[in-house]
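Q: My structure is below; once you've seen it, I'll send some questions.
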Amino acid sequence: MSARPLEECATLIVGGTGGIGHACARALLASGVPRMVLAGRSAERGEAARAALADAFPQADVAFLQCDARDPLAAQAMADAAADRMGGIDVLVSAGGGEPTPRLLHLTPIEEMMPILTSLVAGITHPARAVLPHMTARGGGSVVCFASDAAKVATPGETVVGAGMAAIVMFCRGMAYEAKRNGIRVNCLTPSVVRGTGLYDHLMADPFCNRIFGKAETLASLGVVEPEDLASMVVYLAGPASARMTGQTISINGGISAA
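Residue numbers (the numbering used here): 930 to 1188.
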């Protein structure tokens, strides 16, 4: 079993209509990916993202599918439709999780805990499960999921968020161990603060989050991470250079932590 060159890869980007996911889409297309499907909840944002990528990379076939990946049946239908359009799926980037505002546990209503966890975990893990039969049929593939460093480092205000992120990390490890026999690699990226995203702007506009993440930024001696930093790692994990790498959880955080 060997990883396909990116120039031969059919790629699905869930959450590819903006932020980190869109940066990953651009980086993969710049690296030669010929067929790509973006998936996201907003049809307007999705079509705008698709058109921008198609203009920038006219040699590639770029499409958009509207989908809320938190819905399991919708996620499966989306993966099936993407595979039908592209003739299979070789690479999945799952970056479409929820974006809850961190909140201290005693201020989090108990009835909101499980909905937050479900939203976070489902939006990332449903697409990974949905592409599994398509990658198995192709004889391999690469799945890259996004969580955050809250999975590794306890942070005030992220007790519930961290539990969800840790669930994503363990899901990826378990899937990697099961799917390796079919040539499928599964890895997880866990950034901390990422400038240049809508989530960053949202968090910094909140007084509590601004204090927490503003302090974290001062620890990023190597520079605060931007979407393109993560996209470079996604290109590596998607392609043959990482053909022997699976089940790994990788932090790219500018030095905020060494977890």
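Beta carbons are placed, not taken as given, at the ideal position from N, Cα and C, and that holds for glycine.
As the structure is a prediction and not an experimental result, all values here were calculated from the model.
Please say whether G1017 and H1063 have beta carbons closer to each other than 7 angstroms?
A: Yes, the pair counts as a contact, with Cβ atoms nearer than the cut-off.
Q: Counting only runs that start and end within the segment 942–991, where is the beta strand (DSSP E) found for 3 or more residues in a row?
A: Entirely contained in the segment 942–991, the beta strand (DSSP E) runs reaching 3 residues are, in chain order, 964–969.
Q: Got a sec: does the ligand ATP put a non-hydrogen atom nearer than 6 angstroms to the Cβ of A998?
A: Of ligands this structure carries none, so the ligand ATP is not represented either.
Q: Once you ignore the five residues that flank Q995 on each side, which residues in its own chain have a CB closer than 8 angstroms to its CB?
A: The answer, listed in chain order, is A968, G969, R970, S971, A972, G975.
Q: Excluding sequence positions up to five away, which residues of its chain have a Cβ less than 6 angstroms from the Cβ of Q1177?
A: Closer than 6 angstroms at Cβ, skipping near neighbours: N1116.
Q: From what residue to what residue does the alpha helix (DSSP H) around V1164 run?
A: Note, V1164: alpha helix (DSSP H), 1156–1167.
Q: Does the distance from the CB of M1015 to the CB of V991 come in under 7 angstroms?
A: No, Cβ-Cβ distance for M1015 and V991 is not below 7 angstroms.
Q: Apart from the five residues just before and just after E936, which ones in its own chain have a Cβ nearer than 7 angstroms to its Cβ?
A: The residues are G961, P963.
Q: Is DSSP giving N1182 helix, strand or coil here?
A: Note: N1182 maps to coil in three-state DSSP.
Q: Do you know how far the Cα of A1076 is from the Cα of G1098?
A: A small correction: the amino acid at residue 1098 is Val; Gly does not occupy that position in the sequence shown. Each residue's Cα considered, the two are about 7 angstroms apart.
Q: DSSP three-state label for A1089, please.
A: The sequence shown places Val at residue 1089, not Ala. Correct three-state label for V1089: helix.
Q: So who's on the other strand from S1023, going by DSSP bridges?
A: S1023 is bridged to V943, C1074.
Q: Assuming D1163 and C953 are in contact, meaning their beta carbons sit under 8 angstroms apart, how far apart are those beta carbons, in whole angstroms?
A: Rather than Asp, the amino acid found at residue 1163 in this sequence is Val. That belief holds up - the Cβ atoms of V1163 and C953 are roughly 5 angstroms apart, short of 8 angstroms.
Q: Taking the beta carbon of D1013 as the centre, do at least 16 other beta carbons fall within 10 Å, making it buried, or is it exposed?
A: Its Cβ having fewer than 16 others within 10 Å, D1013 is exposed.
Q: Please name the residue in L1159, P934, G1168 whose C-alpha comes closest to that of A1024.
A: Closest option to A1024, Cα to Cα, is L1159.
Q: Output yes or no for whether 7 angstroms exceeds the beta carbon distance between F1142 and V1122.
A: Yes, they are a contact pair.
Q: Please state the DSSP three-state secondary structure of I1018.
A: Reduced to three states, the DSSP call for I1018 is coil.
Q: Quick one: Cα of E1028 to Cα of L957, how far?
A: Straight-line Cα distance between these residues: approximately 24 angstroms.
Q: Please list the terminal residues of the continuous beta strand (DSSP E) segment that includes V1115.
A: Residues 1113–1118.
Q: When you compare the CB positions of V1020 and A1188, do they come within less than 7 angstroms of one another, or not?
A: Taking 7 angstroms as the Cβ cut-off, V1020 and A1188 do not qualify as a contacting pair.
Q: On the DSSP letters alone, give me the boundaries of the alpha helix (DSSP H) that D1130 sits inside.
A: Its alpha helix (DSSP H) spans residues 1127–1133.
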